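Residue numbers (the UniProt record's numbering): 1 to 243.
Using N, Cα and C, we set each Cβ at its ideal position, and we do this for glycine too.
Note that this is a predicted model, so its numbers are computed, not measured.
Below is one structure, written out as structure tokens, with a few remarks after it.
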Amino acid sequence: MTPFSVPIGESVPILNGSNYSEWKEQIMFILGYMDLDLALRAEQPPKVVGPMTPQQESAQEKWERSNRLSLMLIKSRVSKSIRGSIPKCDKAKDYLKAIEEQFVSSDKALASTLMNKPSSMKYSGNGSIREHIMEMRDIAAQLTALEVTISDSFLVHFILNSLPSEYGPFQISYNTHKDKWSINELLTMCVQEEGRLIQDKQNAVNFISQKRQIKRAKNGKGKNDSKRKNKEVPSGSQGQSSN
Numbered sequence: 001m002t003p004f005s006v007p008i009g010e011s012v013p014i015l016n017g018s019n020y021s022e023w024k025e026q027i028m029f030i031l032g033y034m035d036l037d038l039a040l041r042a043e044q045p046p047k048v049v050g051p052m053t054p055q056q057e058s059a060q061e062k063w064e065r066s067n068r069l070s071l072m073l074i075k076s077r078v079s080k081s082i083r084g085s086i087p088k089c090d091k092a093k094d095y096l097k098a099i100e101e102q103f104v105s106s107d108k109a110l111a112s113t114l115m116n117k118p119s120s121m122k123y124s125g126n127g128s129i130r131e132h133i134m135e136m137r138d139i140a141a142q143l144t145a146l147e148v149t150i151s152d153s154f155l156v157h158f159i160l161n162s163l164p165s166e167y168g169p170f171q172i173s174y175n176t177h178k179d180k181w182s183i184n185e186l187l188t189m190c191v192q193e194e195g196r197l198i199q200d201k202q203n204a205v206n207f208i209s210q211k212r213q214i215k216r217a218k219n220g221k222g223k224n225d226s227k228r229k230n231k232e233v234p235s236g237s238q239g240q241s242s243n
């Protein structure tokens with residue numbers, strides 16, 4: 001039985017073409033955790049002509065073991081459709097490099113697509129402001145995984161620019177504020193502002209509704225007064241009609 005258990009090996013996702021960054025991160029973590037990454041960190045010890053010393057023999061055995069088991073684990077977590085397109089390699093380090101060469105261009109394209117997303121995203125009011133900010137934060141996390149770092153202050157500006165005009169006073173408040181907000185602080189502030197806007201809208205609806213009710217009540221009273229006046233017939237008018 002190999003030193004790595006099945007559950008640990010299966011914790012690495014299968015490389016399927018769209019998850020290269022996550023896959024590589026998990027592969028490197030698992031191999032390091034199991035102390036099998038020697039062949040990825042160090043070159044193979046040079047071959048010795050003639051008898052080897054115990055130290056040389058031990059170093060060679062450790063490297064070969066690391067290389068063999070690393071290669072086995074890496075190949076087992078690559079889908080068959082991708083595995084067939086990767087050239088044969090005897091070293092785990094070379095095999096990883098061959099995989100990387102296939103996905104580096106797709107990662108660049110994905111990074112370019114993700115970079116354009118925040119500037120075009122606008123909060124329309126569908127869903128909560130928290131969901132909107134978390135979605136933009138997730139894009140930043142994906143870019144970081146692709147080695148494209150988005151600073152918190154840069155992301156804060158992207159988020160503020162994505163808010164509708166109702167948040168205008170809120171944006172002005174931030175711009176005039178001396179201290180910069182973190183993403184968590186911005187999230188808290190936006191949720192509070194969302195609650196205030198919802199309450200203001202509800203108050204406005206209630207105010208309009210009350211005005212309409214008062215207007216209807218006045219109109220109804222006026223009509224009733226008019227009907228009562230029409231029903232009242234003066235006594236003098238009745239006497240004139242009898243003559």
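Would you say residue i lies against chain C (beta-carbon separation less than 8 Å)?
i      : result
Asp200 : As a matter of chain content, chain C is missing from the structure shown, which is built from one protein chain.
In terms of residue numbering, what span does the alpha helix (DSSP H) encompassing residue i cover?
i           : result
residue 245 : Nothing in the structure corresponds to residue 245, since the chain is present only between 1 and 243.
Pro169      : Gly168 to Asn175
Met134      : Ile129 to Ala145
Ala42       : From DSSP, Ala42 is part of no alpha helix (DSSP H); its letter is neither H nor E.
Trp181      : Segment: none, Trp181 is in no alpha helix (DSSP H) and carries neither H nor E.
Classify residue i: buried if its beta carbon has 16 or more other beta carbons within 10 angstroms, exposed otherwise.
i      : result
Phe103 : buried
His177 : exposed
Ser5   : Because the pLDDT of Ser5 is 46, which lies under 50, any placement of that residue in the model is unreliable, and the number read from its coordinates should be weighed accordingly. Exposed, by the Cβ-count rule.
Asn126 : exposed
Asn243 : Low local confidence applies: a pLDDT of 44 at Asn243 is under 50, so the model's placement there is unreliable, with the coordinate-based value given in what follows. Result: exposed.
Asn67  : buried
Gln240 : Confidence is the limiting factor: at Gln240 the pLDDT is only 48, short of 50, which leaves the residue's position unreliable, though a coordinate-based value still follows. Answer is exposed; the Cβ neighbour count stays below 16.
Ser120 : exposed
Measuring CA to CA, which of the options is closest to residue i?
i      : options                          : result
Glu43  : Lys93, Tyr174, Pro169 and Ala140 : Lys93
Gln142 : Asp37, Ala109 and Val48          : Ala109
Lys62  : Asp37, Ile14 and Ile74           : Asp37
Ala59  : Leu69, Thr144 and Lys47          : Lys47
Gly17  : Ser11, Arg41 and Ile99           : Ile99
Quick one: grab the DSSP three-state call for residue i.
i      : result
Leu15  : strand
Leu78  : Residue identity check: residue 78 is Val in the sequence provided, not Leu. If DSSP states are grouped into helix, strand and coil, Val78 belongs with the strands.
Tyr123 : coil
Glu100 : helix
Pro51  : coil
Met34  : coil
Pro118 : helix
- Query: Does the region 145-160 come close enough to the region 106-124 that 3 or more CB-CB pairs lie under 8 Å?
  - Reply: The answer is yes - the region 145-160 touches the region 106-124, with three or more Cβ pairs under 8 Å.
Open item on the list: Using 8 Å as the cut-off, can you tell me whether the region 9-24 makes contact with the region 52-67, which would need three or more C-beta pairs spanning the two stretches below that distance?
Closed with: No: the two stretches stay apart, fewer than three of their Cβ pairs being nearer than 8 Å.
* Pair every Cβ in the region 169-188 with every Cβ in the region 127-137, then say whether three or more of these pairs are closer than 8 Å. => With a cut-off of 8 Å, the region 127-137 and the region 169-188 count as touching, because enough Cβ pairs lie within range.
| Given 8 Å, three or more beta-carbon pairs between the region 165-184 and the region 203-221 | No contact exists between the region 165-184 and the region 203-221.
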